[in-house]
Each structure stands twice: as structure tokens, then as C-alpha cells.
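Chemist:
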Amino acid sequence: MPTEPARAPVASTAKLCATVVVAGSALVLPVLSARAVDVILAGGTPGPALLAFATVLVVATLAEMCGEVTGVLAETAVLGRLRHRLLGHVFRLGVPGSRRYGVGDLLTRFTANAAAMARATPYRIEAAVGIAAAVAGWLALCVIDWRAGVALAAGTLPLVLLIRTRLRTSTSRFADYLDRLASIAARLTDALTGRRTIRAAGTLDREVRRVLAPLPALAAAGLATWEVRRAVSWQLGLAQHGLRILVLVIAGLGVATGRLSPGGFLAASLYLTVALGFVQQLDTLLFLADARAGADRVHQLLREQPRFRAGGTGTPAPGPGSLAFRGVRVRIDGRTVLDGIDLEVPAGTVLAVVGRSGSGKSTLGLLAGRLLDPDDGEVSLDEVPLHTMAPAEVRTAVGYAFERPVLLGDTLREAIAFGRPVPDRSAPERACRLAQAEDFVRRLPHGLDTLLAEAPLSGGELQRVGLARAVVTPPRVLVLDDATSGLDTVTEARLTTAFTEALAGRTRLVVAHRVATAARADLVAWLDRGRVRAVAPHSVLWTTEPDYRAVFSAGELP
1 MPTEPARAPV ASTAKLCATV VVAGSALVLP VLSARAVDVI LAGGTPGPAL LAFATVLVVA
61 TLAEMCGEVT GVLAETAVLG RLRHRLLGHV FRLGVPGSRR YGVGDLLTRF TANAAAMARA
121 TPYRIEAAVG IAAAVAGWLA LCVIDWRAGV ALAAGTLPLV LLIRTRLRTS TSRFADYLDR
181 LASIAARLTD ALTGRRTIRA AGTLDREVRR VLAPLPALAA AGLATWEVRR AVSWQLGLAQ
241 HGLRILVLVI AGLGVATGRL SPGGFLAASL YLTVALGFVQ QLDTLLFLAD ARAGADRVHQ
301 LLREQPRFRA GGTGTPAPGP GSLAFRGVRV RIDGRTVLDG IDLEVPAGTV LAVVGRSGSG
361 KSTLGLLAGR LLDPDDGEVS LDEVPLHTMA PAEVRTAVGY AFERPVLLGD TLREAIAFGR
421 PVPDRSAPER ACRLAQAEDF VRRLPHGLDT LLAEAPLSGG ELQRVGLARA VVTPPRVLVL
481 DDATSGLDTV TEARLTTAFT EALAGRTRLV VAHRVATAAR ADLVAWLDRG RVRAVAPHSV
541 LWTTEPDYRA VFSAGELP
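Counted the way the UniProt record's numbering counts, the sequence shown spans residues 1 to 558.
(1) Taking contact to mean 3 or more Cβ pairs, one atom from each stretch, closer than 8 Å, check whether the segment 537-549 and the segment 492-507 are in contact.
(2) Can you look up S33 in the DSSP assignment and give me helix, strand or coil?
(3) Grouping DSSP H, G and I as helix and E and B as strand, with all else coil, what is L327?
(4) Look up D481 in the DSSP assignment and give the residues it is bridged to.
(5) Whose CA, out of F402, I416, A401, lies closest to the CA of L408?
(6) How close, in whole Å, do the beta carbons of D410 and L444 come, if the pair is a contact with beta carbons under 8 Å?
(7) Just how far apart, CA to CA, sit F53 and R35?
(8) Mapping the DSSP letters down to three states, classify E344 as helix, strand or coil.
(9) Using the three-state DSSP reduction, which class does R506 fall into: helix, strand or coil?
(10) Check V90 in the structure and name its three-state DSSP category.
(11) Assuming I332 contacts L364 (C-beta within less than 8 Å), just tell me the rounded distance between them.
(12) Smallest Cα separation from A182: which of D522, L87, D105?
(13) Give me the Cβ distance between L79 and A115, rounded to the nearest whole Å; I'm assuming they're in contact under 8 Å.
(14) Look at the alpha carbon of L366 and the alpha carbon of Q300, and state the distance between them as a whole number of angstroms.
(15) Here's the rule I'm using: 16 or more other beta-carbon atoms within 10 Å means buried, otherwise exposed. How should H513 be labelled?
(16) Nearest CA to the CA of T349: which residue from V330, D296, A525, S12?
(17) Are A397 and P475 touching if we call contact CB-CB under 8 Å?
(18) By alpha-carbon positions, which one of E403, V511, G399, L467 ends up nearest to R430?
(19) Taking its Cβ as the centre, do 16 or more other Cβ atoms sit within 10 Å of S458, making it buried, or is it exposed?
(20) Note the first and the last residue of the continuous beta strand (DSSP E) segment covering L408.
(21) In whole angstroms, what separates the C-alpha of F265 from that of I245?
(22) For the putative contact between V56 and V28, defined by C-beta atoms under 8 Å, what is the C-beta separation to the nearest angstrom?
(23) Enumerate in chain order the residues of its own chain whose CB-to-CB distance from A60 is below 6 Å, with the five nearest sequence positions on each side excluded.
(24) Unbroken beta strand (DSSP E) runs of length 3 or more, entirely within the segment 176-253: which are they?
(25) Are the C-beta atoms of F402 and some chain D residue less than 8 Å apart?
(26) When we look at the beta-carbon of M65 and count the other beta-carbons within 10 Å, is it buried (16 or more) or exposed?
(27) Could you check the C-alpha separation between A536 and V511 for me, to the nearest Å?
(28) Report the rounded CA-to-CA distance for C17 versus V10, giving the unit in angstroms.
(29) For A114, name the three-state secondary structure that DSSP assigns.
(30) What span of residues does the beta strand (DSSP E) with A392 cover, start to end?
(31) So E414 and D481 are supposed to be a Cβ contact under 8 Å. How far apart are they, rounded?
(32) Select from G43, M117, V394 the residue whose C-alpha is nearest the C-alpha of V298.
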């Protein structure tokens, strides 16, 4: 079975061939009609001409049916390939590259914008063939009666200029409409994500107003788009009827003066319809103008450059897991998040990263496993620069657990093993015991084989599953980005003890917000406005640095 990329050009070529056959039939039918009329008026037998007419009509009908089917195939094949490309590109952009686009905005680009762009493929074929057929119809009209052909050409030129101007305006107006629509989608997605907070805060009405705030602008942009279409529709319709009357009057005078036969007049009127077919392409051209606005949004995303250096192919030498940040500087959306970081993390050290919101804690964690590359400087694992290592090797060497883990797979077992080189089937069980998740997993209907959809998990339970996933194959370096914030103090203490015993000698980098978490670490890296202000044990910083104590919530005790 051909793949989607292979099917796209095949289906598009078939659509093109079918459309050409339909257009060619439309150019042949007027000749056959004229011949049949002249034969009948001359008293002859029109059988052969009528048979040829019927044959061409059947062929055109079959080709039109084939064109509909191949058009849908071309559209779906292009859409599949386009969405696959978009998905891969978004993942390659990584965390900083995709931050610029909200989830709702990305969904709009993946769905409506990509679909419009894919539908443009068969419409573009129809428009191109239709315009070519219109030119051929005009040439045939000129052969039958050059006077009628000149009159049609003179009246068509202003129409072409009008259509071109209106299409540009329609594209601009519809692009504005899509931007407003994406804004509402992004706000709605954010609201759905935080629906519990909204309900708890009693701010439902205010949130509805916030989500719908761009609605008047959206309505205005939509009305502006339809105003363009309304104007061009009546203007072209009026001009088209005027042209038709003018050409038919000229051809009719040709019959009255003997310049044209009755069959010639019929052929001229039919070719006139074919020649005016470019006006019938208006709806297609307007759709293509709208699709162009959607395609611009898709291409804007595809033009976004990943912030990663070229991936390496090297394999890290065996080592204990020491991390080094040397001269690291990171800028995101024009803001310097980390500024000249120099930090050594000895192998086997539990390093807590502490700082106020926006100080760069999570960004430092992203750098440790190359989820983000620095703009300047270098991050090394056991003296090997991360950017020289193959991405798969980095993923194996550095594991992550996040505050809000997302579980992927069908069952809990698959979610824990997702993306990790699990040595055996019992590894997820061992990881659950280590992450203090064994008790609640045992209570599930089918334990680790419970479907995710049938395993309602609290925030703390979800975090423990995320921790189990991070240690199912113990990495050299484990990055915990506020990964225990949903746990009670007792569970967190048990977890720390279990990790200390089971992961002895492995490096841990912990983004910490609690005093207790920082106190259990070997060292604390205190970040302040993107710089390392101090590296020392928590007890030293707590007793000597008032600003350090101020980082934590008032009243927290070590």
C-alpha cells in the first residue's frame, strides 16, 4: 500500500488528467452540436454527429466522477503529509521554539489552516484548467467570428483586473480573521486547562468575557471578508451578463447577414459560455485566496527555526555523571534568562536549584538534558559536550520528571516504559516501588496493566508515576523539575530516602521551591536574575543570607 507522500502526487496527477478531460470535452461539444444542427437544417441524418456527442458526454461524466474521487484522495494525502511535517517540526522546535505559539493557536494551524491548505490542491488544479479552457474557448470564438472574440476580450480585461484586486483584498481580510480566531482558540484552551482554578476562584463570568474579548474584532473581520465577496459577486455578475448580451448580439448580426450559419451561432454561444468560465472560477479563486491566508500561517510555523545546534553522533564515554555549565547564556523571546552561568555539579551530587520565579531554574534544568541549547557557552556531561552526543544517547544518560507529567501510551505500564530502554517486564514494578507509587497502583483494577483512561490519578499520584518513568532505567543524571510539589511532606521524605539508597552515586539536579527539599540536598545553586549568586550547602545559605531566606514562603522552616 503506497504511503501518504507517495499517494499525493499520484492522486493529484489523476485529478489533473480527469479535469483536463472534462475541459477538453467542453471544447469539443460545441463543434459536435453545431455540426448536428447544420446537418438537420440541411435535411441530412444527424446520427453520427449525435453518437459522437453522446460519447463525448459520457466520457466527460465519467471523468468528472473520477475527478471528484481523485480530488478527495489528493486532499487527504496532502493533508496527512502536511500534518506529519508540522508535528515533526513542532517537536524539533523544542520547548523555547514552541513557546511562541499557544496550544489553541497550534491546534488551529494543525486543523483548519492545514485543511484549507490541503483542499487548495484540487481547487488549484480546477482553477488552472478552467482558466486554460476559458482561453481556449475565447480562441475558438475568435475562429468562428473574430468580431465577437475582440468584443469579449475588450470587456474581459477590466474584469480580470477587478478580480485580481479583490482577491488580494480578500486574502488580507481573511488573514486578519484567522488571527482573531486563533486568539480566541488560544484563550479558550488556556481556560479549559485551568477550569478547576476558575471555578474555585468564582471567576467564571470574568473568564468568559476574557475568552470572548476578541469576538467583536473577529465579527468585524468576518464581515469585512464577506463585504469583499458581496461587492465582487454583483459587479462580476452584472458585467458577465452585459458581455454575454454584447457577444450574442454581434453573433446574431452575423447570422442575419449570412456571415454565420445557425450551427455557427450555436457553437459561438457555447464557446462564449466556456470563455466566460473564468468568471465561474471566482468562488474557487476566493477559496484559494482564503487558503493562501491559512497557508501563510502554516508556513510561518514551518519557517520557525529550531534553537538546537546540529545533532551529534557521538557516544558518551562511561562516567559517573558530572555536569558542567561553562559560560552558558540563554535568551528567549529577546529576554536574557540565563546570563553567563558557570556551574560545576560533581558526580553523585544532589544539587538543589533555588531562586525566585523567573530566575532561570527550569531553563537550567532543560539545558542539563539538552531539551534546550544555550545561545552561548557549553554544557558537558562527564567532560563530553552534550551537543556532540547523539540525541538518543543524551536521552538515555539524562532522565526527567516534571511537575505536570503527561502520560503517553495505552496502559500505566506503557506510560512508565514510554521512551525508555526498559530491560525487562518487571522494571516498571521496581520503578513504582522506588517512586512510592506501589500502593495506589496495586489498588487499580488491573494494576500496571490498567488502561490510562480507567486510572484516575490525583496530582501527587501522577507525579509519582512521572518519577517512576524517570527511573525505570536509572540515568546518570536525574533532573527533577518541581516533580514532588504535589506530594505531602512525609511521602516526599520517604521518596528522598528511597532515591538516596537506590540512586546512590547518581547525580540529581532538583528544581526546588520548598525549604525541606533544599535542605535535603548536598548543595544549593542559588540563582538570582539569571546568574549564580552562590553555591553552598542550604544550612550555610540559610544562616548567612537573608535574601536567600526571602526566596521561600514566609514562615517556612528548614
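Glycine included, every Cβ here is placed at the ideal spot set by N, Cα and C.
Modeler: Let me spell this out:
(1) no
(2) helix
(3) In the sequence on display, residue 327 carries Gly and not Leu. Reduced to three states, the DSSP call for G327 is strand.
(4) F402, V511
(5) I416
(6) Wrong, their Cβ atoms sit about 14 Å apart, outside the cutoff.
(7) 10 Å
(8) strand
(9) coil
(10) helix
(11) The pair is not a contact, with the Cβ atoms about 13 Å apart (cut-off 8 Å).
(12) D105
(13) 6 Å
(14) 25 Å
(15) buried
(16) A525
(17) yes
(18) L467
(19) exposed
(20) Neither: L408 is in no beta strand (DSSP E) and is coded neither H nor E.
(21) 13 Å
(22) 5 Å
(23) V22, S25
(24) none
(25) In summary, chain D is missing from the structure at hand, where a single protein chain is found.
(26) exposed
(27) 15 Å
(28) 11 Å
(29) helix
(30) Note, A392: premise wrong, no beta strand (DSSP E); alpha helix (DSSP H) at 391-397.
(31) Between D481 and E414 the Cβ distance is about 23 Å, and since that is not below 8 Å, they are no contact.
(32) M117
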